[in-house]
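> Provided herewith is a single structure, encoded as structure tokens, for subsequent inquiry.
In the UniProt record's numbering, the protein residues as written are 1 to 224.
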């Protein structure tokens, strides 16, 4: 083999011709974990390649850019999330039940998907095309699905009349906090690490607390 032929062979071995042993879902899952841990700016294509065990050309060859890969990761992580929430809403009979059910479901989803939760919390602080994608892909569909319910509860006097963004934060803000395991562990040093606890139980305890503030018992309930 000539030196030139040998060099071409080496390039093909470490370049885009390198076989990828991971399936698509595992590629996207590892990408999600990396973006959630490091943040978008600090996540380099080289670091992604290292964690995926592929050549540094892989991301650009398959997804054309780091941002396109990020979008694929987000779409993968949010697949069917809104459909599941819509299904829960359709099972309810009144506005209070709808709000209770969607908050319980949202918090459980958030508690069990901490990587996506961290990514969402981080990106929500930055004005970017990525936030536009999150808004279009999840935030707007989610808010559109429960806004009529919340408006009805505001009109009935069950929820205070405040600006829309504050209502959104009141509903979703605690869910984003479920990704903050390190500070939670420091606040509760005497108990097991949060990551080892029952995530659904933790989410349900938080939803009970939030709902008690958003929907305190009505006069009729108190009287009864």
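Built from N, CA and C at the ideal position, the CB exists for glycine as well.
In three-state terms, what does DSSP make of residue 209?
Looking at residue 209 - three-state DSSP - the assignment turns out to be helix.
> List, from N- to C-terminal side, the alpha helix (DSSP H) runs of 4 residues or more that fit wholly inside the stretch 136-170.
Counting only runs of 4 or more, we get 140-155.
> Excluding the 5 residues flanking residue 20 on each side, which residues of the same chain have their C-beta closer than 6 Å to its C-beta?
Contacts found: 54.
> On the criterion of 16 or more Cβ atoms from any shown chain inside 10 Å, does residue 27 qualify as buried, or is it exposed?
Residue 27 comes out buried.
> To the nearest angstrom, how far is the alpha carbon of residue 61 from that of residue 88?
Going by the C-alpha atoms only, they are around 40 Å apart.
> From this set, 171, 52, 198 and 77, which residue's C-alpha is nearest residue 30's C-alpha?
Nearest option by C-alpha distance: 52.
> If the criterion is Cβ atoms closer than 8 Å, does the pair residue 214 and residue 179 meet it?
No, the pair does not count as a contact, with Cβ atoms beyond the cut-off.
> Measure the beta-carbon distance from residue 128 to residue 117 and round it to whole angstroms, keeping in mind my assumption that it falls under 8 Å.
About 18 Å; that fails the 8 Å criterion.
> With 16 as the cutoff for other CB atoms within 10 Å, does residue 206 come out buried or exposed?
Buried: at least 16 other Cβ atoms inside 10 Å.
> Can you give me the start and stop residues for the alpha helix (DSSP H) that residue 57 sits inside?
Per DSSP, residue 57 belongs to no alpha helix (DSSP H) and is neither H nor E.
> Looking at the structure shown, is residue 190 part of a helix, part of a strand, or coil, going by DSSP?
Three-state result, residue 190: coil.
> To the nearest angstrom, how far is the alpha carbon of residue 46 from that of residue 114?
Approximately 24 Å, taken between the alpha carbons.
> Please go through the same chain and pick out, in chain order, the residues whose beta-carbon is closer than 6 Å to the beta-carbon of residue 210, but skip the five residues on each side of it.
Contacts found: 174.
> Buried or exposed for residue 161, please, with buried defined as at least 16 other CB atoms from any protein chain shown within 10 angstroms of its CB.
Exposed.
> In angstroms with no decimal places, state the Cα-to-Cα distance between residue 181 and residue 49.
Approximately 27 Å between the Cα atoms of the pair.
> Do residue 106 and residue 85 have their CB atoms nearer than 8 Å?
Yes, they are a contact pair.
> Can you tell me whether DSSP reads residue 43 as helix, strand or coil?
In this structure, residue 43 counts as coil in the three-state DSSP scheme.
> To the nearest angstrom, report how far apart residue 191 and residue 97 are at their CA atoms.
Cα to Cα, residue 191 sits roughly 33 Å from residue 97.
> Once DSSP output is grouped into helix, strand and coil, what is the label at residue 179?
Coil.
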